[in-house]
Amino acid sequence: MKTILFAGVALALSLGLSAPVAAQESSYTPGGYTDVSAIDVLDGEFENYMDYLAGPWKAQNEFAKSKGYITNYEVLANPYARAGEPDLFLVVTYPKIYDTAEELRQQKEFEAFMKSDARGLAKQFAARSTMRKPMGQQQLRQLKLK
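The sequence shown begins at 56 in the numbering used here and counts up one residue at a time.
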């Protein structure tokens, strides 16, 4: 009788009918976020727009980086752009998405740094339309593989 019982238990174990297997851990952990803005630089405006990026845009991102709000930023060119594709990609990476209260606090801090308010910053954004046309934006999230 013991032999039959042992054989039955051995068969159940070999078929995986024992206790439930612990859930397999995921092979990644979620990481930070990256916003990618696609920019079409208008004809004859490339150097002017690059001056803007090397000046105010860089200063704004250096400010945000110094505060820890972003971890990196860069400008990527699309040297083989096909018809309808952007000339540049503006890339900004940050560690997390902030809640509304923190986002508003950071906005006020940024406005003080820029010596402007939301309306003034919106006018500055619109003024760049003489140099470039935004073509869209994507948000990407890093998945860190284990």
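Just so you know, even glycine gets a beta-carbon here, dropped at the ideal spot from N, CA and C.
L198 counts as exposed, since fewer than 16 other C-beta atoms from the protein chains shown sit within 10 angstroms of its C-beta. Rounded to the nearest angstrom, the gap between the Cα atoms of Q79 and Y88 is 26 Å. Spatial neighbours of I125 in its own chain (CB-CB distance under 7 Å, excluding positions within 5 residues in sequence) are listed in chain order as N116, A119, V147, T148 and Y149.
As the crow flies, the alpha-carbon of D90 is around 13 Å from that of M190. The beta carbon of D142 lies closer than 8 Å to those of I94, D95, V96, F101, A132, N133 and A136 in the same chain, with the five residues before and after it left out.
In the structure shown, T126 adopts coil according to DSSP, grouped into three states. S92 and L145 do touch by the CB rule: their CB atoms are close to 4 Å apart, below 8 Å. Non-local beta-carbon contacts of K188 in its own chain, meaning distances under 7 Å to residues more than five positions away in sequence, involve D95 and L97 in chain order. R196 places its beta carbon less than 8 Å from that of G86.
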